[in-house]
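Numbering-wise, the sequence shown is residues 33 to 197 according to my numbering.
All residues carry an ideal CB built from backbone N, CA and C; glycine is no exception.
Given the structure is predicted, the values throughout are model-derived calculations rather than measurements.
Structure, as structure tokens:
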Amino acid sequence: MTTKGPLKGRAARLGRLMPSGPSTAARTPFVLLVVVLLGGGLITLLLLNSALNQGSFKLRDLKNRTTELTDEEQALQRDVDDRSAPDALERRARELGMVPGGSPAFLNPDGKVLGEPSKASAPKPTRTPAPPRTTPPTGSPTGPATPGKTGKPQTTPPAPTTPGR
33 MTTKGPLKGR AARLGRLMPS GPSTAARTPF VLLVVVLLGG GLITLLLLNS
83 ALNQGSFKLR DLKNRTTELT DEEQALQRDV DDRSAPDALE RRARELGMVP
133 GGSPAFLNPD GKVLGEPSKA SAPKPTRTPA PPRTTPPTGS PTGPATPGKT
183 GKPQTTPPAP TTPGR
């Protein structure tokens, strides 16, 4: 369209409705909307990232705790296995004063006894040597031990021990 002078009639009325210069008033709300949406999106991403990091730290701590508990469970299971071994059970039973049983007798449902029961007899106790005890010297820590009536340093004999206590 070419402009050949001032507009007349209907075109003049329509031209007055539209501004002829560049308008910034119509762009301001759009720019503000875009900035708010971008800012909100960035804040949402930041919060989401923080929540994921917090979850990953908690997951790591739980995995470490699981590893520790698994190690502890395995150590306890080893202890149970060691104490359940036949030789360990026998040793512990002897420490408690138990003796191996004799030949067993069985009862039938009708009350008849099968086999010949016998008493368990305690084997003769074997004296195990006590571990060497170190007795602290009597007297002052810097001086010699004080002699007794015989002129020898006094020592106390080790107290008798019972196995398992």
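- For Leu65, the three-state secondary structure derived from DSSP is helix.
- The beta-bridge partner set that DSSP reports for Phe138 consists of Leu146.
- In the three-state reduction of the DSSP assignment, Gly133 falls in the coil class, being assigned neither a helical nor a strand state.
- DSSP places Gly47 inside the alpha helix (DSSP H), whose first and last residues are 42–49.
- Excluding residues up to 5 positions away in sequence, Val131, Pro132, Gly133, Gly134 lie with their Cβ nearer than 8 Å to the Cβ of Ala152 in the same chain.
- Here DSSP, grouped into helix, strand and coil, assigns Leu84 to helix.
- Within the same chain, Cβ atoms closer than 7 Å to the Cβ of Phe138 are found at Leu146, Gly147, the five residues on either side in sequence being excluded.
- The C-alpha of Thr76 is placed about 14 Å away from the C-alpha of Val67.
- Per DSSP, the unbroken alpha helix (DSSP H) holding Pro118 starts and ends at 118–127.
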